[in-house]
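Have a look at the structure below, then the notes.
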Amino acid sequence: MNKILVTGATGQLGSAVVNELLQKVSASDISVLVRTPEKAADLKAKGVTIIKGDYTDYASLVAAFKDVEKLYFVSSSDVMNRFGQHQNVVKAAVEAGVGHIIFTSVQRKSEDGTSPVALIADAHWKTDDLISRSGLTYTILKHGLYTDILPMFMGDKVIETGTVFLPAGNGKSSYASRNDLAAAGAVILTTQGHENKVYEFGGPVSYSFHDIAEILSELSGKSIQYVSPSAEVYAEQLKSYGVADEMIQGAASFCVAIAQGEFDFPATDLETIMGSKPQSVKEYLKAAYHL
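Using our numbering, read the sequence shown as starting at 20 and increasing by one per residue.
As C-alpha cells, then:
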C-alpha cells in the first residue's frame, strides 16, 4: 500500500478517517499532519507517523507531502484565512509531487457570493476550481451538512420544550453523518477508480425541519412542533438566553441558507462508495436524543 497522509487528524473528521483507515491498512502506511503533535499521542501509540505542519507554513507542507501517494486534505477551520491556506496546500502538493489529492469540499447551490454562508462556502468552490486546474489527480468530496449539527441547532432540550425553533423556513437539506463521510473517505483512500471525480456526499433524502419535527415526534411519542421565526426574532430570542453573538450569527446564517435551498442535494454517491446504507437522519436523532 502506498503512503497515505491525512491532514487535520486531531479534528473530528480527520481522526474519524484515520480510525477507519486503521481497519483497512497497516498503521505504518498512514501519516498525519498536525499542528500540535502532543494531541496525536493516541495515533502515535497505534503506529501512525506524526508530522508537525501547518497550512500557514508552506515549507512544512512541502516536506510533509514528499512521497505521499494519497493526500486526504481536510479543509481549514480558519474561516477568515481559509482560501489562502488552501492555496498553500495545493501548491505544496504540486511541488512535492503528490500522487492523488482528496479534498473535503461542501455541497452548495450558489457560487456567486449571494449565499448567506458565502464566507464559509466560497473558499471551498474556489479550492475545487484550484485543484481541478492544478494538474494533480484529484477527488473532490462535496460533503452535505453534517447530521451531527442537528442537535447543536435544535438544542438538547428540544424534546422537553416540544418546539424546534429555527429560521429555516421550508428549506430542505441532504444531511450525512460525519462518521459515514469518514468511512467513505477511507474507502476512496484505499481503492482505485476515483481519479478526477467529484462526488456528491449528501444523504439520499432531503429533510425540512417540519420533517425533522415529525421524526422527533414519532421517536419520542410527544408532539414536537416546528416554528420558523425571522432571523431577527431568532437572534433576539437566543440573545435573551445568553448565547454568544458569534454562535447566534453562525446558526442563523446556516438556517437562512437552508431556507434558500443551499444544501438540498440528495445523492446516492455516499451509499455507492460505502457499499452500505448511510445512517439515516432518524437513526442519528434516535441515538443523539436517547430515544
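Glycine included, each C-beta is placed from N, C-alpha and C at the ideal position.
All figures in this text were calculated on a predicted structure; none of them were measured in a lab.
Chain C contact for Thr-210 (CB, 7 angstroms cutoff): No chain C appears in the structure shown, which is made up of a single protein chain.
Cβ separation of Val-87 and Leu-24, assumed to be a contact under 8 angstroms, to the nearest whole Å: 5 angstroms
The segment 41-49 / the segment 108-115 touching (three or more Cβ pairs under 8 angstroms): no
For Leu-52, the residue or residues it bridges with in DSSP: Thr-26, Ile-70
As assigned by DSSP and simplified to three states, the class of Glu-187: It is worth fixing the name first, because residue 187 is Ala in this sequence and not Glu. Three-state DSSP puts Ala-187 in coil, outside helix and strand.
Backbone CA spacing between Ala-254 and Gln-279 [nearest angstrom]: 18 angstroms
Segments assigned alpha helix (DSSP H), at least 4 residues, entirely inside the segment 214-299: 228-239, 250-259, 264-278, 288-293
For Thr-158, the first and last residue of its enclosing beta strand (DSSP E): 157-162
Thr-123 in three-state terms, based on DSSP: strand
Burial state of Lys-89, where buried means 16 or more other Cβ atoms lie within 10 Å: buried
Best match in Gln-42, Ser-94, Tyr-218, Val-81 for proximity to Ala-28 [C-alpha to C-alpha]: Ser-94
Assigned exposure category for Tyr-91 - 16 Cβ within 10 Å defines buried: buried
Validate contact between the segment 186-200 and the segment 288-308 using beta carbons, cut 8 angstroms, 3 pairs: yes
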